[in-house]
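These notes concern the structure reproduced below.
2 protein chains.
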Amino acid sequence: MTIPLPGAQVRGSKTGKPIMALLDLLGRTWALGIIWNLRSGPATFRELQQRCEKISPTLLNTRLKELKTLQLIENQESGYQLSSQGFDLFEIISPLGTWSSQWAQALMENKKS
Amino acid sequence: MTIPLPGAQVRGSKTGKPIMALLDLLGRTWALGIIWNLRSGPATFRELQQRCEKISPTLLNTRLKELKTLQLIENQESGYQLSSQGFDLFEIISPLGTWSSQWAQALMENKKS
DNA sequence: AAACATGCTACATTATTTGTAGCAAACTTA
DNA sequence: TAAGTTTGCTACAAATAATGTAGCATGTTT
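The listed protein sequences correspond, in order, to chains A and B. If you're matching positions, the first sequence starts at 1 in full-length UniProt numbering and goes up one per residue. If you're matching positions, the second sequence starts at 1 in full-length UniProt numbering and goes up one per residue.
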């Protein structure tokens, strides 16, 4: 799968509008999960593998390369970490944490009835 | 692929923490794209297919079922549309539109140097 | 120098996505 | 009212992506 560079053809868009490139990226297995799991600080490859519970090393490496190319993460001495852009992105999606709990609760209540 | 119900085992989590169920869902091909494309109002199946430019009907239908089960969209007379929960979700992620443009620009500038 | 840890790669198996064709049901039009 | 059209979707084979396990090279600890 080619890396969804804004400007290039990506899933969902011939023009490569930045939002489409981003949605393509985030829509790939584990991309969001990796970003989410890096929110709590840098992690080495194996650490990150554990945070992600059951990601395969093959895919982890593939995603890390993509995220690095797209400058959302960087690889420093302390391990992989969100770049400043990656962190901005995380801040946008971070309300999903709280939201998802409410959503889960609503789902349960609707199941009852 | 089983629908990532909060509480069940999902990709990335044995416990099915709601956020993990959500990230699993959103990390599926086209899930984010469909939500994004419904932001501008209801659409019939074929309309939605066009908004998504090149989604296959098979997958569109699969995702629609998932999103419906998880109460993020609903199917009314006017077609498929975001449910009130789906809309809340969209509101959280909607800043990605603007953010992605800045990101794309930053990427371009870094390419130069 | 032997044992261990780390960051990956190889690769076969399995799962997901695509793309095309087309069908049944509901609506139009003649 | 009978012949199109359109719509919502299913079938299915081919292509692509993800998983899981093994393991290797390099660096570090004892």
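Cβ atoms here follow ideal geometry from the backbone N, Cα and C, with glycine treated the same way.
In this structure, how does DSSP classify residue i when only helix, strand and coil are distinguished?
i	result
S78(B)	coil
S13(A)	strand
residue 185(B)	The structure shown does not extend to residue 185(B), since chain B is modelled only from 1 to 113, so the question has no answer here.
G41(B)	coil
S83(B)	coil
K111(A)	helix
K54(B)	coil
What are the start and end residues of the alpha helix (DSSP H) that includes residue i?
i	result
Q71(A)	No alpha helix (DSSP H) holds Q71(A); DSSP gives it neither H nor E.
S94(B)	Careful: S94(B) lies outside any alpha helix (DSSP H) and carries neither H nor E.
residue 135(B)	As shown, chain B starts at 1 and ends at 113. That puts residue 135(B) outside it, with no answer to give.
A31(A)	31 to 37
L5(B)	Looking at the DSSP string, L5(B) is not in any alpha helix (DSSP H), and its letter there is neither H nor E.
E47(A)	45 to 51
Checking 8 Å against the spacing of the C-beta atoms, do residue i and residue j come in under that value?
i	j	result
G41(B)	Q71(B)	no
G12(B)	E91(A)	no
W103(B)	P57(A)	no
L96(A)	I35(A)	no
S100(A)	L5(B)	no
L26(B)	L32(A)	yes
So, under 8 Å CB-CB, residue i and residue j are touching, yes? Tell me the CB distance rounded to an integer number of Å.
i	j	result
M20(B)	V10(B)	5 Å
G79(B)	T44(B)	4 Å
K68(B)	E74(B)	7 Å
In the segment 81 to 98 of chain A, which residues sit with their C-beta less than 8 Å from some C-beta in chain B, listed in chain order? So the close ones are Q85, D88, L89, I92, I93, P95, L96, G97.
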